[in-house]
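Numbering (this note's numbering), first residue to last: 3 to 205.
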């Protein structure tokens, strides 16, 4: 079983960002279509106990990875599940990944999904702060986080972070699906510009 890296550095993934676009694995992606429910838009008082709906978070995260651009960016997800408890406060992300996917790509997926869980929790309780490019959000200041990743029957990660006790997450929140998408769009624009220039020169 592999231990998580101390920190995921943005520069470590520069070469990987465009490479993920070429992934052509014919893996089975999540197909569950969750019902659409409105998030709690009321800001509760500070002393109200947190009551996160982890079934809804699971549904929303699955939907994001099966019905949005993330399905194209991370086509190697075979199964994904989010489970959690409000007493004790904890959340678990379980991923099963197709074979022949690099550790770097898996780490980016883990970072992206971790941020998404924090954001979906914020959408249920606005006392929390959302995840962004600089932070995973305050959800992980309250809830401990367990990560389980398997690939081809082997356990890649199985680790619990006692984030409620101040243990931080060893990921770079700036490296996620949006980073990859922006990189791919920039490369496509550069290729289009080059092709246009070559066509003009040939005329």
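Cβ atoms here follow ideal geometry from the backbone N, Cα and C, with glycine treated the same way.
This one's a predicted model, so the numbers in the text were calculated from it and none came from an experiment.
Here residue 140 carries a coil assignment [DSSP, helix/strand/coil].
With fewer than three CB-CB distances shorter than 8 Å, the region 155-171 does not count as touching the region 121-136. Around the CB of residue 86, 16 or more other CB atoms lie within 10 Å, so the residue is classed as buried. Residue 83 sits in a strand when the DSSP states are folded into three classes.
In the structure shown, residue 54 adopts coil according to DSSP, grouped into three states. Residue pairing by DSSP places residue 151 opposite 97, 159 in a beta bridge. Just measuring C-alpha positions, the residue of 100, 80, 150 sitting nearest residue 113 is 150. Between the beta-carbon of residue 81 and that of residue 62 there is about 16 Å, and that puts the pair past the 8 Å contact cut. In the three-state reduction of the DSSP assignment, residue 102 falls in the coil class. Comparing alpha-carbon positions, the option among 59, 69, 79 lying closest to residue 152 turns out to be 79. With fewer than three CB-CB distances shorter than 8 Å, the region 98-109 does not count as touching the region 49-64. Under the three-state reduction of DSSP output, residue 71 falls in the coil class, being neither helix nor strand. In the structure shown, residue 146 falls within a strand segment according to DSSP collapsed to helix, strand and coil.
Counting C-beta pairs with one atom in each stretch, the region 119-129 and the region 45-55 have three or more that are closer than 8 Å, which means they touch. In this structure, the straight-line span from the alpha carbon of residue 166 to that of residue 74 is close to 34 Å.
Within its own chain, the residues whose Cβ lies closer than 6 Å to the Cβ of residue 148, once the five positions on either side in sequence are excluded, are 94, 162, listed in chain order. In the structure shown, residue 47 adopts coil according to DSSP, grouped into three states. The criterion of a C-beta distance shorter than 8 Å is satisfied by residue 142 and residue 171. Across the set 131, 178, 154, 55, the C-alpha of 55 shows the shortest separation from the C-alpha of residue 92. Taking a 10 Å sphere around the C-beta of residue 203, we find fewer than 16 other C-beta atoms and assign the residue as exposed. Within a 10 Å sphere around the beta-carbon of residue 116 sit 16 or more other beta-carbons, which makes this residue buried.
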